[in-house]
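Everything below concerns the one structure shown next.
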Amino acid sequence: MTQAVTGRDIEPGRQASGFDRPLLLTPGQDLAGFILNRVGRGALFMTAASSIVAVLLILAFVVREALPFFAPGETVAAASHAVHRLGELLGSTCWYPEAEGAAAEFGGLSLIAGSLYVTVLALVVAVPTGLMTALCLSDVLPFAARQIIKPVVELLAAIPSVAYGFFAVLMLAPWLQQHLGLPTGTNALNAGLILGLMAIPTIVSVSEDALTAVGRELREASYALGATRAETLLRVVMPAAHSGVIAAVILGMMRAIGETMVVWMASGNAAQIPSPWWDLGQSIRTMTATVAGEMGEVPKGSTHYHALFAVGLLLLAFTFLLNFVTEALLRRVRHGKGVV
Amino acid sequence: MRTALWVMSVMAANLGTSASAPAEAAEKQTLQIEGSTTVGPIADAFAEAFKTKPPGLAITVKKTGSGDGAAALVDERCDIATMSRFMKDKEYTKAVEKGFLPVAHAVAMDGVCVVVHPSNPVKGLTTEQARKIYMGEIKNWKDVGGPDAPIVPISRDTSSGTYETFHGLVMKKQKMADGIEYVNSNPQMHARVSTTKGAIGYVGLGFVDEKVKALEIDRIAPTKRTIAKGTYPIARPLFFFTRNYPDLGSIIHEFCTFHLTEEGQEIVEAKGFVPVTDY
Numbered sequence: 012m013t014q015a016v017t018g019r020d021i022e023p024g025r026q027a028s029g030f031d032r033p034l035l036l037t038p039g040q041d042l043a044g045f046i047l048n049r050v051g052r053g054a055l056f057m058t059a060a061s062s063i064v065a066v067l068l069i070l071a072f073v074v075r076e077a078l079p080f081f082a083p084g085e086t087v088a089a090a091s092h093a094v095h096r097l098g099e100l101l102g103s104t105c106w107y108p109e110a111e112g113a114a115a116e117f118g119g120l121s122l123i124a125g126s127l128y129v130t131v132l133a134l135v136v137a138v139p140t141g142l143m144t145a146l147c148l149s150d151v152l153p154f155a156a157r158q159i160i161k162p163v164v165e166l167l168a169a170i171p172s173v174a175y176g177f178f179a180v181l182m183l184a185p186w187l188q189q190h191l192g193l194p195t196g197t198n199a200l201n202a203g204l205i206l207g208l209m210a211i212p213t214i215v216s217v218s219e220d221a222l223t224a225v226g227r228e229l230r231e232a233s234y235a236l237g238a239t240r241a242e243t244l245l246r247v248v249m250p251a252a253h254s255g256v257i258a259a260v261i262l263g264m265m266r267a268i269g270e271t272m273v274v275w276m277a278s279g280n281a282a283q284i285p286s287p288w289w290d291l292g293q294s295i296r297t298m299t300a301t302v303a304g305e306m307g308e309v310p311k312g313s314t315h316y317h318a319l320f321a322v323g324l325l326l327l328a329f330t331f332l333l334n335f336v337t338e339a340l341l342r343r344v345r346h347g348k349g350v351v
Numbered sequence: 138m139r140t141a142l143w144v145m146s147v148m149a150a151n152l153g154t155s156a157s158a159p160a161e162a163a164e165k166q167t168l169q170i171e172g173s174t175t176v177g178p179i180a181d182a183f184a185e186a187f188k189t190k191p192p193g194l195a196i197t198v199k200k201t202g203s204g205d206g207a208a209a210l211v212d213e214r215c216d217i218a219t220m221s222r223f224m225k226d227k228e229y230t231k232a233v234e235k236g237f238l239p240v241a242h243a244v245a246m247d248g249v250c251v252v253v254h255p256s257n258p259v260k261g262l263t264t265e266q267a268r269k270i271y272m273g274e275i276k277n278w279k280d281v282g283g284p285d286a287p288i289v290p291i292s293r294d295t296s297s298g299t300y301e302t303f304h305g306l307v308m309k310k311q312k313m314a315d316g317i318e319y320v321n322s323n324p325q326m327h328a329r330v331s332t333t334k335g336a337i338g339y340v341g342l343g344f345v346d347e348k349v350k351a352l353e354i355d356r357i358a359p360t361k362r363t364i365a366k367g368t369y370p371i372a373r374p375l376f377f378f379t380r381n382y383p384d385l386g387s388i389i390h391e392f393c394t395f396h397l398t399e400e401g402q403e404i405v406e407a408k409g410f411v412p413v414t415d416y
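Chains as they are written, first to last, in our numbering: chain P, 12 to 351; chain H, 138 to 416.
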């Protein structure tokens with residue numbers, strides 16, 4: 012059929028396929044086509060919706076398992092109890108959930124701080140490195156070099172996180188102890204460095220795609236106006252690719268905040284906020300590591316069990332919040348650009 | 138289609154022959170085991186060794202916790218409760234009320250060694266000093282007779298049986314300081330302590346080698362002998378509990394005395410515990 016319409020095949024004397032078919036479909040064919048269309052659409056929709064459904068189901072499950080932590084009984088005092096528990100989770104740094112009865116403490120502040128420490132550190136490491144690598148790949152290096160280097164960088168993402176963890180414990184930790192004189196090598200710095208390394212391939216890959224997508228016209232126009240290569244890169248190409256670059260940073264951040272195995276092995280897992288706050292040589296513990304490390308043996312249905320889900324919920328809330336904030340920022344950047 | 142039918146018929150024939158033998162002798166025997174996660178690996182390995190013994194014996198090992206094991210034994214939901222502690226009087230009373238006496242079979246000893254970097258000159262600690270280190274009250278090695286260097290205390294994750302032993306016997310169930318590091322396996326503990334000069338940690342006896350130094354606790358060095366005899370303070374017996382003493386010759390009896398055989402001793406040692414026998 013399509014061949015027939017291209018015109019090339021309409022030549023006198025040649026039997027074009029499909030031309031001998033009746034113009035009107037039979038009701039059966041009509042119905043079959045209609046059903047096929049609907050089924051196809053439905054199947055595609057289901058596939059597209061499945062990830063959304065999965066997210067909603069996971070969210071519902073986490074909320075369901077976390078709720079008993081805030082409201083163990085359906086009593087009148089439940090509301091004040093919930094406020095008390097939430098206050099403890101967000102305001103206290105004492106984490107001792109495995110204790111029996113009233114001695115148990117559920118202060119998650121140091122865990123939240125731990126997650127923030129490693130995420131920020133990872134971004135400090137990964138964003139400059141990743142963006143510079145991306146710029147280098149898209150605009151500086153010759154095409155042939157890029158064809159080799161980009162897959163190698165992306166290979167970093169294929170290394171399992173346990174392997175990174177072993178590297179952190181067996182190589183980086185002793186190195187930090189020997190060369191920086193730190194008493195312990197599994198600390199905030201170690202976890203941050205490794206997480207940064209893990210986030211680099213994501214940032215490089217996505218932002219390089221965005222930078223390459225900026226057309227040759229913009230670059231040539233910039234050069235034509237007398238801009239140097241550095242000016243072109245920083246003032247023209249980067250702003251033009253900003254949404255892709257920001258998306259790359261968000262993806263890298265998500266990778267860092269959600270990573271579990273590496274931080275469980277590399278961060279030392281001490282439930283404390285470093286003091287003074289800038290002392291990255293101290294051990295910290297993240298929310299993900301807490302859930303992963305304690306979930307294994309916790310009796311199902313205990314307060315500790317529900318507390319871990321509450322931590323998980325908190326983590327989800329943080330990721331959503333971060334996502335929304337970055338989305339909002341992105342919108343403002345776009346808007347600003349439109350005005351100027 | 139034809140091959141599939143053929144495979145199915147062969148499988149059915151096999152099932153028939155293997156199932157008919159014990160069915161003629163007696164009804165299918167089952168052994169339900171439930172309890173401690175620490176003792177669970179021993180029960181698992183014993184069950185593996187028993188697999189070939191009486192035909193048709195089905196052993197299930199559940200690892201939920203010592204308390205759950207005791208409750209299951211009292212409710213007759215299991216035949217053997219694996220426990221890393223003795224029964225509490227409440228649990229025992231409940232069993233007596235139900236009309237039977239729980240009997241403890243100590244199958245192995247669980248000893249936890251306090252280890253430091255080999256370059257550390259400190260030879261030993263008291264239980265009190267170890268507790269204070271993990272509570273954050275002693276922070277420098279010079280306070281316990283060592284060099285002027287900060288102590289880096291490392292603990293196992295709170296869900297491990299080793300932690301449970303240490304927490305019970307050294308910490309007396311008190312909370313560890315917030316600055317304690319946690320690692321999630323004995324090998325990782327070994328790696329951290331062997332590479333960190335100021336570190337102190339604890340591992341099972343099977344993980345002590347020349348790369349880490351095991352400290353004397355209350356002047357007693359951890360060895361198989363001192364742990365088996367119970368003189369080393371951070372050691373505890375691991376139990377199988379049964380309702381009354383099992384009938385002699387029964388499968389339960391055989392299972393609960395398996396640790397006294399040479400094969401049983403080897404299994405206990407292979408799992409990193411100290412056997413009660415010495416062949």
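For glycine and all other residues, C-beta sits at the position ideal for the given N, C-alpha and C.
Do Phe81/P and Phe320/P have their beta-carbon atoms positioned less than 8 angstroms apart in this structure?
Cβ atoms of Phe320/P and Phe81/P: not closer than 8 angstroms.
Would you mind telling me which residues of chain P sit closer than 9 angstroms to Val259/H, beta carbon to beta carbon, in chain order?
Result: empty, since nearest Cβ-Cβ is about 16 angstroms, beyond 9 angstroms.
Along the segment 308 to 326 of chain H, where does the CB come closer than 9 angstroms to a CB of chain P? Name the residues.
Listed by position along the chain: Lys310, Lys312, Met313, Ala314, Asp315, Gly316, Ile317, Glu318, Tyr319, Val320, Asn321, Gln325.
For a contact defined as C-beta to C-beta under 7 angstroms, what are the partners of Ala208/H on chain P?
None at all; the shortest Cβ gap to chain P is about 12 angstroms.
Suppose the cutoff is 8 angstroms on Cβ atoms and the five residues either side in sequence are ignored; what does the same chain contact list for His315/P look like?
The answer, listed in chain order, is Pro108, Glu109, Ala115, Glu305, Val309.
What does Leu181/P reach in chain H if we use C-beta pairs closer than 9 angstroms?
Within chain H, the residues near Leu181/P are Ala328, Thr332.
So with CB distances below 7 angstroms, who are the chain P contacts of Gly335/H?
The contacting residues are Pro194.
Under a three-way DSSP split, which group does Tyr339/H fall into?
Here Tyr339/H sits in strand by DSSP.
At the 8 angstroms Cβ level, is Val289/H part of the contact set with chain P, yes or no?
Chain P contact via Cβ: present.
Restricting to runs no shorter than 4 residues, where is the alpha helix (DSSP H) found entirely within the segment 233 to 285 of chain P?
Fully enclosed alpha helix (DSSP H) runs of 4 or longer: 253 to 269, 272 to 277.
Return the first residue and the last residue of the beta strand (DSSP E) that Ala243/H is part of.
Segment 239 to 253, the beta strand (DSSP E) holding Ala243/H.
Look at the alpha carbon of Ala163/H and the alpha carbon of Ile196/H, and state the distance between them as a whole number of angstroms.
With a pLDDT of only 48 at Ala163/H, under the threshold of 50, the placement of this residue in the model should not be trusted, and no figure is reported.
Based on the DSSP output, what are the partners of Val411/H in its beta bridges?
The partner list for Val411/H (beta bridge, DSSP) reads Met246/H.
Which residue or residues does DSSP assign as beta-bridge partners of Glu99/P?
The partner list for Glu99/P (beta bridge, DSSP) is empty, contrary to what the question assumes.
Excluding sequence positions up to five away, which residues of its chain have a Cβ less than 6 angstroms from the Cβ of Gly141/P?
Only Ile211, Ile214, Val215 meet the Cβ criterion.
Mind checking if Ser121/P is an interface residue toward chain H, Cβ cutoff 8 angstroms exclusive?
Yes, Ser121/P lies at the interface with chain H (some Cβ there is under 8 angstroms from its Cβ).
Out of curiosity, what's the CA-to-CA distance linking Gln311/H and Lys260/H?
Straight-line Cα distance between these residues: approximately 25 angstroms.
Return the chain-ordered ranges of every alpha helix (DSSP H) run that is complete within the segment 252 to 291 of chain H and spans a minimum of 4 residues.
The segment 252 to 291 of chain H contains these whole alpha helix (DSSP H) runs: 264 to 271.
Taking one C-beta from the segment 185 to 196 of chain P and one from the segment 320 to 336 of chain H each time, how about it: are there three or more such pairs within less than 8 angstroms?
Judged by Cβ distances under 8 angstroms, the segment 185 to 196 of chain P makes contact with the segment 320 to 336 of chain H, as three or more pairs qualify.
Using the Cβ count rule (16 or more neighbours within 10 Å means buried), how would you classify Arg356/H?
Exposed: under 16 other Cβ atoms inside 10 Å.
Which whole-angstrom value is the C-beta distance of Trp106/P and Leu122/P, which I expect to be below 8 angstroms?
That pair is a contact at about 7 angstroms.
Which value, in whole angstroms, describes the spacing of the CA atoms of Phe223/H and Trp275/P?
Cα to Cα, the separation comes out at about 33 angstroms.
Taking Cβ-Cβ distances below 8 angstroms as the criterion, which residues of the segment 271 to 304 of chain P are in contact with chain H?
Within the segment 271 to 304 of chain P, the qualifying residues are Trp275, Met276, Gly279, Asn280, Ala281, Ala282, Gln283, Gln293, Ser294, Arg296, Gly304.
Buried or exposed: Asn381/H, going by 16 or more other Cβ atoms within 10 Å of its Cβ?
Exposed, since its Cβ has fewer than 16 Cβ neighbours within 10 Å.
In whole angstroms, what is the alpha-carbon distance linking Asp226/H and Ala60/P?
Cα to Cα, Asp226/H sits roughly 56 angstroms from Ala60/P.
Anyone know if the C-beta pair for Ile337/H and Pro191/H falls short of 8 angstroms?
Contact: no.
Taking the CB atoms as reference points, tell me whether Arg373/H and Thr302/H lie closer together than 8 angstroms.
Contact: yes.
Measure the CB-CB distance between Val417/P and Ala251/P and report whether it falls below 8 angstroms.
Since the first residue of chain P shown is 12 and the last is 351, residue 417/P is not available in this structure.
Measuring straight from C-alpha to C-alpha, what distance separates Thr299/H and Gly341/H?
Going from the Cα of Thr299/H to the Cα of Gly341/H covers about 7 angstroms.
At least one CB of chain H closer than 8 angstroms to the CB of Pro162/P: is that the case?
It does not: the Cβ of Pro162/P has no partner Cβ on chain H nearer than 8 angstroms.
How big is the Cα-Cα spacing for Ile159/P and Ala169/P?
Using only the alpha carbons, I get a separation of about 16 angstroms.
Of all Cβ atoms in chain H, is any one closer than 8 angstroms to the Cβ of Pro171/P?
No, because no Cβ of chain H sits closer than 8 angstroms to the Cβ of Pro171/P.
Thinking just about the alpha-carbon of each residue, which of Pro171/P, Ser172/P, Gly196/P is nearest to the one in Met182/P?
If we check each option's Cα against that of Met182/P, Gly196/P comes out closest.
If you draw a straight line from the alpha carbon of Met313/H to that of Gly273/H, how long is it in whole angstroms?
Those two C-alpha atoms are separated by around 7 angstroms.
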